[in-house]
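In this note's numbering, the protein residues as written are 286 to 743. Note that beta-carbon positions come from the ideal geometry of N, C-alpha and C, so glycine has one too.
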C-alpha cells in the first residue's frame, strides 16, 4: 500500500501499536489519526477513547423513548378522551426517566472527567492501595502503569498480558477479588510463566476506555492478550497484540489457569519463535558492539602506541639537539679557554735571572701528569701567578699568535686544578691580592703538588 510505503520504521511500529490498542482496522484512518496528532501515540489513543466515551453517552441519550406525534385530524375522539385521563401519568413517567438518565450521565461524566487528568501510574497506585486495604497484600502482581504501557511492555518482552476489569456495581466483584485475584495457585502460575497483569476499575477513565476497546459486556472481565502473527505470516503486516481469550463473569482460579494453559499451548510456540529471533538479534547486536569495542580498543591502543613512539622520537631528537648544542658550547668554551691560556703565556712575568737572589723563591711543581717543573718567582708576585704559570706551562713552547694580545670577551676563566703543599698540608687558592712573600711556607723555596679536578681526557 502506498500509505505504508511512505512510513519509516518508527511510524510503522506506532501504527501497529495504535491499531492493537484501538482495534482500528482501517489503516488509512489510523494513519490520518496519528498524523493529526503529529504521531504522538498517547494523544492519538486518548483522543479515540474520548470520542468513544462521548459517542457512548450520546447513544444513551438518543435511546430515551420519545412519544411519536400524529396529525390532529387523524386522532379519533375516544383516544383523545383516553389521553386526557392518562396524560398526567405519562408526564410523571417522562420527567422521572429524563431526570434519572440525566443524573446518570452527569455522574458518569464527572467521574471520568476527574480521572482523565490523573497520571496512569497514579491511578494504578491508587487501585493497588484500595485493593490491599480491602483484601490484603497477597495478590497478583499488578502492573504499576497505564494500559498502553503494559501493552507495550508485553509486546517488547514477548509476554502474555492478563487484563482484569472490575466494577463496583456488580455483586460478583467482592468474591472475585477476595477469592480469585488472591489465589496462591493463580499467583504461582502467573509468576512462573512471567505474565504481566494489568487491572483497573471501570469507575476510572482509563479502565472505562479499555472496557470499551475490549468490548466488555459483563464483569468481572478478563482478557488474555499476546503478540500474534497474522495468518501465521510475519511478513504480511507484522505481529500484533491480540486478544486471544476473554472470560466474563465470575469464574474460578482453576478455570482461569486452564484457559491460560490452552492459550500458552496454542500461542506459546509463536512467542518462543519470536523470542529466539529476538535473542538472535540481541546476540548479533552484542556481537557487533563487542566487535566495535574491540576495534576501537585496538585502534586506541595503536594510536597510543604511535603517540608514545612519536614522543620517544621527539624526545630523542630533542636530546640529540641538546647534546649537539652542549657539544658546541663545550667546544666554544675549550677554544675560549685555550685563547685565554695563550693570552696568559704572552703576559706571564719573566722568570728572575739566575744571578737575581734577593726576594726570590724557587718553587718545585709536581704536575698532575707526574712531571716535575721548577721555576723561580719574585716575592712581589701574587699567589695567582702560581696558577697562571701551571695553566700556561703546556703552551709556553708554542708559537705566539696574533689574537693572544687580549683575553677573549665574555669569558670567565676557571682553574681546573688546585695547588697544595704536602707537608704541612696547605691549600693555596688563586688569590689575586695576596703576595707570595706573605706565605712563609713558600719562602725561600717550596714543593707544591698540582691536584687536577678533571679527567685527563679533558
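Backbone CA spacing between residue i and residue j [nearest angstrom]
i: residue 451; j: residue 472; result: 18 Å
i: residue 673; j: residue 709; result: 23 Å
i: residue 648; j: residue 699; result: 23 Å
i: residue 524; j: residue 578; result: 33 Å
i: residue 468; j: residue 333; result: 35 Å
i: residue 414; j: residue 453; result: 16 Å
i: residue 574; j: residue 582; result: 12 Å
i: residue 410; j: residue 587; result: 54 Å
i: residue 389; j: residue 539; result: Any reading at residue 389 needs caution, since the residue's pLDDT is 46, under 50, leaving its predicted position unreliable; the model's value is listed next. Residue 389 and residue 539: Cα-Cα distance of roughly 37 Å.
i: residue 600; j: residue 694; result: 35 Å
i: residue 504; j: residue 320; result: 35 Å
i: residue 736; j: residue 598; result: 43 Å
i: residue 296; j: residue 563; result: 20 Å
i: residue 441; j: residue 566; result: 13 Å
i: residue 643; j: residue 719; result: 19 Å
i: residue 670; j: residue 607; result: 37 Å
i: residue 706; j: residue 615; result: 32 Å
i: residue 592; j: residue 602; result: 15 Å
i: residue 632; j: residue 596; result: 53 Å
i: residue 407; j: residue 323; result: 26 Å
i: residue 639; j: residue 617; result: 40 Å
i: residue 474; j: residue 585; result: 51 Å
Residue environment, residue i, which counts as buried when at least 16 other CB atoms sit within 10 Å
i: residue 514; result: buried
i: residue 315; result: buried
i: residue 568; result: exposed
i: residue 300; result: buried
i: residue 424; result: buried
i: residue 449; result: buried
i: residue 486; result: buried
i: residue 580; result: exposed
i: residue 460; result: exposed
i: residue 715; result: buried
i: residue 329; result: buried
i: residue 291; result: exposed
i: residue 537; result: exposed
i: residue 289; result: exposed
i: residue 294; result: exposed
i: residue 572; result: exposed
Own chain, CB closer than 6 Å to residue i, minus 5 neighbours either side, in chain order
i: residue 651; result: 657, 734
i: residue 667; result: 717
i: residue 304; result: 315
i: residue 477; result: none
i: residue 309; result: 315
i: residue 692; result: 625, 628
i: residue 463; result: 420
i: residue 531; result: 508
7 Å Cβ shell around residue i - same chain, five flanking residues per side excluded
i: residue 626; result: 676, 677, 680
i: residue 479; result: 444
i: residue 621; result: 693, 696
i: residue 634; result: 666, 670
Run of the alpha helix (DSSP H) containing residue i, from where it starts to where it stops
i: residue 472; result: 469-477
i: residue 538; result: 538-632
i: residue 496; result: 490-498
i: residue 713; result: Note, residue 713: premise wrong, no alpha helix (DSSP H); beta strand (DSSP E) at 710-713.
i: residue 434; result: 432-442
i: residue 725; result: From DSSP, residue 725 is part of no alpha helix (DSSP H); its letter is neither H nor E.
i: residue 405; result: 405-420
i: residue 673; result: 669-677
i: residue 300; result: 294-307
i: residue 313; result: 312-321
i: residue 459; result: 457-460
Integer-rounded CB distance, given that residue j should sit under 8 Å from residue i
i: residue 435; j: residue 481; result: 6 Å
i: residue 507; j: residue 457; result: In fact, because the Cβ distance is near 12 Å, the residues do not count as touching under 8 Å.
i: residue 509; j: residue 495; result: Contact doesn't hold; Cβ gap of about 14 Å is too wide.
i: residue 636; j: residue 660; result: 6 Å
i: residue 433; j: residue 306; result: 6 Å
i: residue 511; j: residue 556; result: 7 Å
i: residue 405; j: residue 421; result: Residue 405 to residue 421, Cβ: 24 Å. No contact.
i: residue 427; j: residue 412; result: 7 Å
i: residue 533; j: residue 501; result: 7 Å
i: residue 417; j: residue 302; result: Actually they are not in contact, since the Cβ atoms of residue 417 and residue 302 sit about 31 Å apart, beyond 8 Å.
Residue interval of the beta strand (DSSP E) (run including residue i)
i: residue 733; result: 730-737
i: residue 507; result: 506-513
i: residue 453; result: Note, residue 453: premise wrong, no beta strand (DSSP E); not H, not E.
i: residue 533; result: 525-533
i: residue 484; result: 481-486
i: residue 702; result: 702-707
i: residue 648; result: 645-651
i: residue 465; result: Neither: residue 465 is in no beta strand (DSSP E) and is coded neither H nor E.
i: residue 661; result: 657-663
Nonlocal neighbours in the same chain, by C-beta distance under 8 Å from residue i, ignoring five residues either side
i: residue 728; result: 646, 664, 721, 722
i: residue 738; result: 701, 702, 703
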